[in-house]
Amino acid sequence: MLKFNKEVVYTDLLDPREDFRPQKIETEIRTDPLTGESGRLAHFGVIRMQKEDFLAWDTPENRSRCPFCPENLAKVTPQYPPQFIPEGRLKRGQTTIIPNIAPYDQYSALAVMSRAHIVPLEKMTTPLLKDALVAGLDFARRAAARENGRLPYQLIIWNYMPPSGGGLVHPHLQIIVTGFPGNLYRKTLEHSQNFYREHGKNYWQELCAVEKKLGKRFIGSTGAGHWLTPFVPQGLLGEFMVVFPEVKTIADCQEDTLQDLVAGLQRLFAYFEEMGIASFNMGLFFAPVGEAEKYFSLHARFVPRTYLNPQEKPSDINAMQMSLQEPVTVIRPETQCAELRELWGKGEK
Ligand SMILES: [Zn+2]
C-alpha cells in the first residue's frame, strides 16, 4: 500500500583525490510515499555541522535591545484587544502569548517561551517546552472558537536560532490560525484524503504501523507519539517526524499529548547536541475538524538547519530547494534513525 520508491544514478569521473582513478559517485532519488514528490540523497559526508556559541550573544546590550526580554516585553510588544483576549496577553509559566506585530495572517501569534534571552537546547526543560505548547494550543483554540469554524487550519511553527531563519534569538513559537494552510499542509491533507478514498485507511496510522514493522526508520515511541525519520527528508541534514496516529484535532490534543511530544523532543535535542546541530525548524499540524479527522493525524516535523561554513555562512537552502523545490539531504534517514535510536531514552530531563 505504501511505496518507498527510489532510483540510484551515478556520475562517472576521474577522481583527483585518488590519483585520477575512475570513480562512480552516487545520487539517490526518492519519492515520498504520500505526496509522490521527489527528493535526493547526495553529497554523503560532505557537510560538517557548524556549531555556534549562541550564549556569547547573551550580553546586557543585546538583552536591552530584545523586545522579548522581561524588561521590554510589556512595554514594546502589542496586546490583543479585550473583546478577544481580555488579559491582552496570555500567560502560562514563563510563556507569554502576544500578537506578531508583523503578522503572517489574521491570527499570527508569538509564544515568547522564556525569561532568558538565550536558551541552549540542553536548557530546554520540560516546563519551558510544555508551557509554550499548552499556551499556544490554548490560543489556537480561542481563535478557532471565535471564528466558529471559518478558519479550519491551526499550525504551530518554530524557527530556532538564525540558521533556521529565526530573526530573534530569544526563543519563541509562532501560532497561526487560518483559512489558508500553506502548500505543504494543503498537499498533505489532499494526499491523505486520496489515500483514504483509495485504501479506506488513515495514511498516518498506516505509516506508523509499516515503519514500525520495517524498523529501518522507526526510532521509538513516547506515549502516544511515534518518532521516525521520513523516507524523503526535507532538510539538508535530514528530518525527524513524530506522529500521533490516534490524535487528530486541537480538541483531541490534550496536555498528555504535548507531554509525550516534549518527552521525545528532549531526546531529539540530546541527539542534536551530540551531532553539533544547534538550529532547526518545526511544523506541528493538526487535523481540521470534520471529515479530515478520518484521514489526517496530528504530526510534527523537525528539520535541522546549519550554515555550510562558519566564515561566509552560506545558507543550507540553495537553488535546488528554492528554484527547483527539490530537497537535498546529505545523510540517509536510515543512518540518522540508527544514530538517534542509540541514545533514545538517555535524553530525558
Ligand atoms: Zn531577549
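Residue numbers (my numbering): 112 to 460.
Virtual Cβ for every residue (Gly too), placed ideally from N, Cα, C.
The beta strand (DSSP E) enclosing residue i, as first and last residue numbers
i      : result
Lys135 : 132-142
Asn270 : 264-271
Leu376 : From DSSP, Leu376 is part of no beta strand (DSSP E) but of the alpha helix (DSSP H) over 366-386.
Met393 : 391-396
Glu118 : 117-126
Thr206 : 206-210
C-beta atoms of residue i and residue j nearer than 9 angstroms
i      : j      : result
Val373 : Leu409 : no
Tyr218 : Ile287 : yes
Phe291 : Tyr264 : yes
Ile136 : Thr146 : no
Leu73  : Ile267 : With the chain covering only 112 through 460, there is no way to say anything about residue 73.
Phe347 : Val441 : Here the sequence assigns Leu to residue 347, which means Phe is not the residue at that position. Taking 9 angstroms as the Cβ cut-off, Leu347 and Val441 qualify as a contacting pair.
His283 : Met112 : no
Pro341 : Phe351 : yes
Phe397 : Thr299 : no
Val439 : Met431 : yes
Val120 : Gly260 : no
Pro214 : Tyr191 : no
Pro144 : Leu318 : yes
Asn116 : Thr142 : yes
Glu148 : Val343 : yes
Gln436 : Gly349 : no
Ile208 : Phe250 : yes
Chain B within 9 angstroms of residue i, Cβ atoms only
i      : result
Ala220 : Here there is only one protein chain, and chain B is not present.
Those residues which DSSP pairs with residue i across a bridge
i      : result
Leu409 : Phe355
Trp481 : Any question about residue 481 goes unanswered here, given that the chain covers just 112 to 460.
Phe306 : Phe306 is not bridged to any residue.
Tyr218 : Val288
Gly150 : Arg141
Lys202 : Thr207
Pro415 : Phe391
Cβ-based neighbour list, residue i, same chain, cut-off 8 angstroms, excluding 5 preceding and 5 following
i      : result
Leu454 : Arg378, Ala381, Tyr382, Glu385
Gly458 : Model confidence at Gly458 stands at a pLDDT of 46, short of 50, so the residue's coordinates are unreliable and nothing is read from them.
Ser390 : Tyr271, Met272, Pro273, Pro274, Ser275, Gly277, Pro415, Arg416, Thr417
Residue range of the alpha helix (DSSP H) that includes residue i
i      : result
Lys234 : Per DSSP, Lys234 belongs to no alpha helix (DSSP H) and is neither H nor E.
Ser175 : 171-176
Asn183 : 181-187
Residues near residue i by beta carbon distance below 6 angstroms, same chain, minus five either side
i      : result
Pro273 : none
Thr289 : Asp216, Leu262, Tyr264
Gly387 : Met160, Lys162
Gly204 : Pro238, Asp242
Pro425 : Leu419
Phe131 : Leu125
Ala254 : Tyr218, Val288
7 angstroms Cβ shell around residue i - same chain, five flanking residues per side excluded
i      : result
Arg257 : Phe195
Leu124 : Gln134, Ile136
Lys460 : Caution is warranted here: a pLDDT of 46 is assigned to Lys460, below 50, making its placement in the model unreliable, and the coordinate value is therefore given only provisionally. For Lys460, where only same-chain residues beyond five positions count, the Cβ hits under 7 angstroms are Thr236, Thr237, Gln377.
Residue i beta carbon near ligand 3 (any heavy atom closer than 8 angstroms)
i      : result
Cys180 : Absence of ligand 3 from the depicted structure is noted, with ligand 1 being the only ligands included.
Between the segment 171-189 and the segment 238-256, can you find at least three pairs of beta-carbon atoms closer than 8 angstroms?
no
Measuring CB atoms only, is the segment 166-181 touching the segment 278-295, in the sense that at least three cross pairs come out at less than 8 angstroms?
yes
Does the count of Cβ pairs from the segment 221-236 and the segment 163-170 closer than 8 angstroms reach three?
yes
Would you call the segment 332-344 and the segment 366-382 touching, i.e. three or more CB-CB distances under 8 angstroms?
yes
Does the count of Cβ pairs from the segment 412-419 and the segment 148-156 closer than 8 angstroms reach three?
no
For the 8 angstroms Cβ check, are there 3 or more pairs between the segment 420-429 and the segment 319-332?
no
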